[in-house]
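Student:
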Amino acid sequence: MQPLYDKNMECLLCKQKSTTKRVRSHFVKVAKYDTDFCPIYADSAVNALYYNIFVCPHCGFSYSDDFSRYFPQATKEIIMEKVSSKWVPHHFSNEKSIKDAINTYKLASYCVSKNRATPPPRCLSYEWIKQ
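Heads up: take any position in the sequence shown, counting from 1, add 110, and you land on our numbering.
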């Protein structure tokens, strides 16, 4: 069994279906925590933080499981204008590098800044990835 699996997703914004990689929970073994509570995983090849954010390959909307499912119509229009209309389709649905993970967090942070119904993204997780 592989540590990563494909999870079927439906974009909260455009409702298109696609897949993303997730880490099987029994492969996530924390060896220790840094002083800032950053988890240090026993297997450095399996970093669960890399897979918290889903990026829709169709519209570019990016979010985590913590994001609100509610979108006021005005918010949808802003995200469509600021993100989707400029989106160059590409996938973050394969195994992620640190660069890919950082880019997904940046996209999610930008998207959530447009949706006031959602709490801020996992900024601490983003900082941990950059370490």
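Ideal Cβ placement from N, Cα and C applies to all residues, glycine included. Note that this is a predicted model, so its numbers are computed, not measured.
Quickly, what does DSSP pair PHE202 with across the bridge? List them, please.
Tutor: Paired residues: none, contrary to the question.
Student: Here's the rule I'm using: 16 or more other beta-carbon atoms within 10 Å means buried, otherwise exposed. How should LYS127 be labelled?
Tutor: exposed
Student: Could you tell me which residues DSSP pairs with ILE150 in its beta bridges?
Tutor: LYS142
Student: With a 10 Å radius around its C-beta and 16 neighbouring C-beta atoms as the bar for buried, classify ALA218 as buried or exposed.
Tutor: With 16 or more other CB atoms across the displayed protein chains lying within 10 angstroms of its CB, ALA218 is buried.
Student: With 8 Å as the threshold, decide whether the Cβ of SER172 is near any Cβ in chain C.
Tutor: Here there is only one protein chain, and chain C is not present.
Student: Nearest to ASP153 by alpha carbon, out of HIS136, SER194, PHE147?
Tutor: HIS136
Student: Which term fits ALA211, buried or exposed, when burial requires 16 or more other beta carbons within 10 angstroms of its beta carbon?
Tutor: That one is buried.
Student: DSSP three-state call for LEU114: helix, strand or coil?
Tutor: strand
Student: Tell me the DSSP bridge mates of MET119?
Tutor: SER128
Student: Taking SER223 as part of the alpha helix (DSSP H), name the residues at either end of that continuous run.
Tutor: 208-224
Student: Considering only the alpha carbon of each residue, which of MET111, SER223, THR129, LYS216 lies closest to HIS168?
Tutor: THR129
Student: Please tell me whether LYS206 and TYR161 are closer than 8 Å, where the distance is taken between their beta carbons.
Tutor: yes
Student: Pull up the distance between the alpha-carbon of SER223 and that of ALA155, whole angstroms please.
Tutor: 31 Å
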